[in-house]
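The C-terminal residue of the sequence shown carries number 488 in our numbering, and the numbering is unbroken.
For each residue, glycine too, the CB sits at the ideal point set by N, CA and C.
Presented below is the structure to which this report refers.
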Amino acid sequence: MARPKKEIDELRIHQVNIRLTKIEYEFANRQAELAGLSVTNWLRRAAFSKRPLKLRVSPMHRAYYKQLIGISNNLNQIARKVNRGEYTKIHSEIVQANDLLKKINKIFTN
Numbered sequence: 379m380a381r382p383k384k385e386i387d388e389l390r391i392h393q394v395n396i397r398l399t400k401i402e403y404e405f406a407n408r409q410a411e412l413a414g415l416s417v418t419n420w421l422r423r424a425a426f427s428k429r430p431l432k433l434r435v436s437p438m439h440r441a442y443y444k445q446l447i448g449i450s451n452n453l454n455q456i457a458r459k460v461n462r463g464e465y466t467k468i469h470s471e472i473v474q475a476n477d478l479l480k481k482i483n484k485i486f487t488n
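Structure, rendered in structure tokens:
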């Protein structure tokens, strides 16, 4: 079965050529790559969209985000235990959380 034909007002029949500097092109190319689009589609959406384009999160950043969520959960658990007065068990958890924070700090500073 063939794809349905587009209405005349949906067809892209006009072509606009633009010239970009090397820096402009590299910027547009990088932004398009981050959004998972071609440069043409990125420029079209950037020109006519009322909302800012969303960037795709790289797998590396997604992994960092998951680690930060885990650390956040650990800190919340520690805070609850401190507020309940459970000081005896908490020392090892504080040391563990501190080690994780040091590792993350090394990742982001290198």
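Euclidean distance between Cα positions of residue i and residue j
{"i": "LYS459", "j": "GLY414", "result": "44 angstroms"}
{"i": "SER436", "j": "TYR443", "result": "11 angstroms"}
{"i": "ARG408", "j": "PHE426", "result": "19 angstroms"}
{"i": "GLN445", "j": "ASN461", "result": "24 angstroms"}
{"i": "SER450", "j": "ASN488", "result": "22 angstroms"}
{"i": "ALA441", "j": "TYR403", "result": "30 angstroms"}
{"i": "GLU385", "j": "ILE396", "result": "27 angstroms"}
Cβ-based burial, residue i [other Cβ within 10 Å; buried from 16]
{"i": "ALA410", "result": "buried"}
Contact set for residue i: own chain, Cβ-Cβ below 6 angstroms, skip 5 residues either direction
{"i": "MET438", "result": "none"}
{"i": "LEU398", "result": "none"}
{"i": "HIS392", "result": "none"}
Own chain, CB closer than 8 angstroms to residue i, minus 5 neighbours either side, in chain order
{"i": "TRP420", "result": "ALA406, GLN409, ALA410, ALA413 and LEU431"}
{"i": "ASN452", "result": "GLU471, GLN474, ALA475 and LEU478"}
Beta-carbon contacts of residue i that lie in its chain and below 7 angstroms, excluding the five residues immediately before and after
{"i": "VAL417", "result": "ALA406, ASN407 and ALA410"}
Margin query: Give the list of continuous alpha helix (DSSP H) stretches no shorter than 4 residues that lie fully inside the region 391-469.
Written below: The DSSP assignment places complete alpha helix (DSSP H) segments of no fewer than 4 residues inside the region 391-469 at 400-413, 417-426 and 437-462, in order along the chain.
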